[in-house]
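**Q** Sharing a structure below in structure tokens format, with a few things to ask.
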Amino acid sequence: MPLITIAQVKKQLANVQRGGDFDDEMLTNIVNGVWALFCTLTDRTWEAGTFTEYHTVRNVHQKVLPLRELACSAITTIHNDVDGWEYAAGDLVAAAGYTFDAEEGLIYFKTALAVGIYRSVKVVYAAGYTSVTVPYDIKQILIRQSAHWYKQAKGFAGYERLETTLDEFNLLTLNQKYRRKFWHEDM
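Heads up: the sequence shown begins at 34 in the numbering used here, then just goes up one per residue.
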């Protein structure tokens, strides 16, 4: 579900379309299209949700674990199951045993994780954005791109050339700021 609303796009368009006679069906399709393209190009899940990830510990000194999704609001559970994929209560890492950096998506363990079998660490956490918490820069890029596509579709002067991708500068900026941080091959 897009993290912007049709009303926000209409507000952006207010200076070029007087009288408020908007094609709501077209706006809905454009907002959904911009959102789908944005998610595809950034290779991220932006909507708030609960995520489960499995990690492999390969180093006996590993004390940092990167999460795939950013804007982590809470860690639900962490299991470090070195002998099987049961993730039982005895494998649970106590909350006092780690801290996490929500902005960077990193979990810092007070002691090194036990090296185990493939995907021996299971992390369940909440992350993502809502239409209220989405960063301003992301929201503005989505609104402006939706307004731009609407102007093109409606044939506004100066918008005849059809562009199908988001502004390259904005994508580069977002990619550097919100990119996923892959630290090892099975992330």
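Even glycine gets a Cβ: it sits at the ideal position worked out from N, Cα and C.
These numbers come from a predicted model, not from an experiment.
(1) Can you tell me the Cα-Cα spacing of Thr132 and Tyr169, whole angstroms?
(2) Tell me whether the beta-carbon of Ser164 lies closer than 8 Å to the beta-carbon of Leu74.
(3) Where does the unbroken beta strand (DSSP E) through Lys155 begin, and where does it stop?
(4) I'd like the ranges of any beta strand (DSSP E) spanning at least 3 consecutive residues and lying wholly in the region 77 to 163.
(5) Hey, how far is the Cα of Phe215 from the Cα of Thr38?
(6) Less than 8 Å separating the beta-carbons of Tyr162 and Glu80?
(7) Shortest alpha-carbon distance to Tyr151 belongs to which of Tyr120, Ser106 and Lys44?
(8) Compute the Euclidean distance between the alpha carbons of Pro99 and Ala186, then round it to the nearest angstrom.
**A** Reading from the atomic positions:
(1) 27 Å
(2) no
(3) Val154 to Ala160
(4) 82 to 88, 97 to 99, 105 to 113, 131 to 134, 139 to 142 and 154 to 160
(5) Only weak support exists for where Phe215 lies, its pLDDT of 47 falling under 50; the value from the coordinates is given anyway. C-alpha separation (whole angstroms): 32 Å.
(6) yes
(7) Tyr120
(8) 42 Å
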